[in-house]
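Numbering (the numbering used here), first residue to last: 130 to 313. Structure first, commentary second.
Here is the structure:
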(Lines of atoms letter the chains of each structure in order from A and count residues from 1; the text may use other names and numbers.)
(Lines give C-alpha, C1' and ligand atoms only; values in the text may rest on other atoms or scores of the structure.)
Protein backbone atom coordinates (compact mmCIF):
# COMPACT_ATOMS: atom_id res chain seq x y z
CA UNK A 1 0.00 0.00 0.00
CA UNK A 2 1.32 3.44 -0.90
CA UNK A 3 2.18 5.88 1.85
CA UNK A 4 -0.37 8.61 2.41
CA UNK A 5 0.66 12.14 1.68
CA UNK A 6 0.50 14.31 4.77
CA UNK A 7 -2.37 16.74 4.74
CA UNK A 8 -1.54 20.42 5.18
CA UNK A 9 -2.34 21.85 8.60
CA UNK A 10 -5.71 23.55 8.78
CA UNK A 11 -5.72 27.20 9.60
CA UNK A 12 -8.32 28.73 11.81
CA UNK A 13 -9.87 31.75 10.20
CA UNK A 14 -12.30 33.97 12.07
CA UNK A 15 -15.61 34.70 10.43
CA UNK A 16 -15.52 38.01 8.68
CA UNK A 17 -17.75 40.80 9.84
CA UNK A 18 -20.80 41.46 7.73
CA UNK A 19 -20.37 44.14 5.09
CA UNK A 20 -22.90 46.02 2.95
CA UNK A 21 -24.28 43.61 0.40
CA UNK A 22 -24.90 44.26 -3.28
CA UNK A 23 -28.09 43.02 -4.89
CA UNK A 24 -28.01 39.27 -5.45
CA UNK A 25 -28.48 37.64 -8.80
CA UNK A 26 -26.66 37.24 -12.06
CA UNK A 27 -24.03 39.86 -12.55
CA UNK A 28 -23.88 40.89 -8.90
CA UNK A 29 -20.49 42.41 -8.12
CA UNK A 30 -18.27 39.89 -6.38
CA UNK A 31 -15.11 41.85 -5.64
CA UNK A 32 -14.38 42.23 -1.95
CA UNK A 33 -17.03 39.77 -0.81
CA UNK A 34 -16.09 37.25 1.82
CA UNK A 35 -17.57 33.80 2.35
CA UNK A 36 -19.65 34.83 5.36
CA UNK A 37 -21.32 37.65 3.42
CA UNK A 38 -21.98 35.49 0.40
CA UNK A 39 -23.43 32.63 2.45
CA UNK A 40 -25.52 34.62 4.91
CA UNK A 41 -26.70 37.50 2.76
CA UNK A 42 -26.60 36.55 -0.90
CA UNK A 43 -27.36 32.89 -1.40
CA UNK A 44 -28.86 31.92 1.95
CA UNK A 45 -26.50 28.97 2.32
CA UNK A 46 -27.87 27.15 -0.72
CA UNK A 47 -24.94 24.73 -0.90
CA UNK A 48 -25.51 23.84 2.77
CA UNK A 49 -29.00 22.55 2.03
CA UNK A 50 -28.18 19.58 -0.17
CA UNK A 51 -25.56 16.91 -0.75
CA UNK A 52 -24.20 15.94 -4.15
CA UNK A 53 -22.51 12.69 -5.04
CA UNK A 54 -20.74 12.12 -8.35
CA UNK A 55 -21.30 8.80 -10.07
CA UNK A 56 -20.17 7.22 -13.35
CA UNK A 57 -22.38 7.73 -16.38
CA UNK A 58 -25.21 5.15 -16.37
CA UNK A 59 -24.70 2.52 -19.05
CA UNK A 60 -26.41 -0.74 -18.08
CA UNK A 61 -29.99 -1.62 -17.21
CA UNK A 62 -28.90 -1.89 -13.57
CA UNK A 63 -27.37 1.61 -13.69
CA UNK A 64 -30.52 3.18 -15.15
CA UNK A 65 -32.71 1.26 -12.71
CA UNK A 66 -30.65 2.65 -9.82
CA UNK A 67 -31.14 6.19 -11.18
CA UNK A 68 -34.85 5.43 -11.31
CA UNK A 69 -34.76 4.26 -7.68
CA UNK A 70 -33.07 7.50 -6.59
CA UNK A 71 -35.67 9.57 -8.43
CA UNK A 72 -38.51 7.65 -6.79
CA UNK A 73 -37.50 9.32 -3.52
CA UNK A 74 -38.61 12.83 -2.54
CA UNK A 75 -36.14 15.69 -2.72
CA UNK A 76 -33.68 14.00 -5.08
CA UNK A 77 -32.43 15.13 -8.45
CA UNK A 78 -29.96 13.70 -10.97
CA UNK A 79 -28.01 15.99 -13.26
CA UNK A 80 -25.37 15.81 -15.95
CA UNK A 81 -23.03 18.56 -17.06
CA UNK A 82 -19.48 18.90 -18.37
CA UNK A 83 -18.18 17.52 -15.03
CA UNK A 84 -20.29 14.35 -15.26
CA UNK A 85 -23.31 12.87 -13.48
CA UNK A 86 -24.40 13.93 -9.99
CA UNK A 87 -27.02 12.78 -7.50
CA UNK A 88 -28.45 15.69 -5.48
CA UNK A 89 -30.21 14.97 -2.18
CA UNK A 90 -31.95 17.86 -0.46
CA UNK A 91 -30.97 17.73 3.20
CA UNK A 92 -29.63 20.61 5.28
CA UNK A 93 -26.26 20.50 7.00
CA UNK A 94 -26.59 20.01 10.75
CA UNK A 95 -24.12 22.86 11.29
CA UNK A 96 -26.18 25.46 9.37
CA UNK A 97 -27.25 28.25 11.71
CA UNK A 98 -30.51 30.20 11.39
CA UNK A 99 -28.55 33.16 9.93
CA UNK A 100 -27.18 30.79 7.20
CA UNK A 101 -23.72 30.94 8.74
CA UNK A 102 -21.70 27.86 9.60
CA UNK A 103 -21.82 26.78 13.23
CA UNK A 104 -18.38 25.10 12.97
CA UNK A 105 -16.71 27.50 10.55
CA UNK A 106 -13.16 27.31 11.98
CA UNK A 107 -13.37 23.51 11.89
CA UNK A 108 -15.52 23.09 8.78
CA UNK A 109 -15.08 20.20 6.35
CA UNK A 110 -12.51 20.45 3.57
CA UNK A 111 -15.23 20.48 0.90
CA UNK A 112 -16.58 23.65 2.52
CA UNK A 113 -13.15 25.17 2.96
CA UNK A 114 -12.24 24.61 -0.69
CA UNK A 115 -15.57 25.98 -1.94
CA UNK A 116 -15.14 29.40 -3.56
CA UNK A 117 -18.09 31.34 -2.22
CA UNK A 118 -17.45 34.24 -4.61
CA UNK A 119 -18.13 31.87 -7.52
CA UNK A 120 -21.27 30.47 -5.95
CA UNK A 121 -24.79 29.65 -7.04
CA UNK A 122 -26.04 33.05 -5.88
CA UNK A 123 -25.01 34.41 -9.27
CA UNK A 124 -27.67 32.24 -10.91
CA UNK A 125 -28.59 28.65 -11.51
CA UNK A 126 -25.86 26.24 -12.47
CA UNK A 127 -26.49 25.16 -16.07
CA UNK A 128 -26.94 21.41 -16.48
CA UNK A 129 -27.22 19.48 -19.74
CA UNK A 130 -29.62 17.00 -18.11
CA UNK A 131 -31.91 17.57 -15.11
CA UNK A 132 -34.00 14.65 -13.87
CA UNK A 133 -36.37 15.32 -10.98
CA UNK A 134 -38.73 12.37 -11.32
CA UNK A 135 -39.23 8.99 -12.93
CA UNK A 136 -41.26 10.75 -15.64
CA UNK A 137 -38.25 12.97 -16.42
CA UNK A 138 -36.08 9.87 -16.62
CA UNK A 139 -38.54 8.22 -19.01
CA UNK A 140 -38.54 11.32 -21.23
CA UNK A 141 -34.73 11.36 -21.18
CA UNK A 142 -34.51 7.68 -22.15
CA UNK A 143 -36.96 8.19 -25.02
CA UNK A 144 -35.05 11.24 -26.23
CA UNK A 145 -31.69 9.47 -26.08
CA UNK A 146 -33.09 6.21 -27.59
CA UNK A 147 -31.00 4.10 -25.25
CA UNK A 148 -31.55 0.45 -26.13
CA UNK A 149 -29.98 -0.83 -22.91
CA UNK A 150 -32.44 1.20 -20.87
CA UNK A 151 -35.60 -0.10 -22.59
CA UNK A 152 -36.54 -2.44 -19.70
CA UNK A 153 -36.34 0.49 -17.27
CA UNK A 154 -38.44 2.68 -19.56
CA UNK A 155 -41.02 -0.10 -19.90
CA UNK A 156 -41.16 -0.52 -16.10
CA UNK A 157 -41.65 3.23 -15.60
CA UNK A 158 -44.49 3.27 -18.15
CA UNK A 159 -46.19 0.26 -16.49
CA UNK A 160 -45.86 1.92 -13.07
CA UNK A 161 -47.33 5.17 -14.44
CA UNK A 162 -50.29 3.27 -15.91
CA UNK A 163 -50.85 1.39 -12.65
CA UNK A 164 -50.79 4.64 -10.65
CA UNK A 165 -53.30 6.20 -13.05
CA UNK A 166 -55.74 3.33 -12.36
CA UNK A 167 -55.09 3.18 -8.61
CA UNK A 168 -57.40 4.45 -5.91
CA UNK A 169 -56.50 8.02 -4.95
CA UNK A 170 -54.19 8.27 -1.97
CA UNK A 171 -55.40 9.69 1.32
CA UNK A 172 -54.56 13.36 1.90
CA UNK A 173 -51.23 14.01 3.61
CA UNK A 174 -51.43 13.67 7.38
CA UNK A 175 -54.46 11.37 7.25
CA UNK A 176 -54.21 8.07 9.10
CA UNK A 177 -55.04 5.14 6.89
CA UNK A 178 -56.68 2.18 8.70
CA UNK A 179 -54.72 -1.06 8.47
CA UNK A 180 -57.00 -4.03 7.94
CA UNK A 181 -56.16 -7.68 8.22
CA UNK A 182 -53.34 -7.27 10.74
CA UNK A 183 -53.46 -9.48 13.77
CA UNK A 184 -51.83 -8.70 17.07
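Glycine included, every Cβ here is placed at the ideal spot set by N, Cα and C.
To which residues of the same chain is residue 262 closer than 6 Å at the C-beta, ignoring the five residues directly before and after it?
206
Cβ neighbours of residue 215 in the same chain (closer than 6 Å, five flanking residues each side left out):
181, 183, 208
In chain order, what residues of the same chain have a beta carbon less than 6 Å from the beta carbon of residue 283, not counting five sequence neighbours either side?
268, 271
Please return the same chain residues whose Cβ sits closer than 8 Å to the Cβ of residue 266, not counting the five positions on each side in sequence.
200, 260
Residue 239 to residue 173, Cα distance in whole Å?
20 Å
Along the chain, where does the alpha helix (DSSP H) that runs through residue 210 open and close?
Here residue 210 belongs to no alpha helix (DSSP H); instead the beta strand (DSSP E) covers 205 to 210.
Which residues in the same chain have their Cβ closer than 6 Å to the Cβ of residue 210, if we skip the five residues on either side of it in sequence?
257, 258
Going along the chain, which residues of its own chain have a beta-carbon closer than 7 Å to the beta-carbon of residue 273, five neighbours each way excluded?
none
Selected residue, minimal CA-CA separation from residue 203, among 178, 233, 237, 218
218
Where residue 304 falls: helix, strand or coil (DSSP)
coil
For residue 201, which of helix, strand or coil comes out of DSSP?
coil
Rounded to the nearest angstrom, what separates residue 244 and residue 177 at their Cα positions?
11 Å
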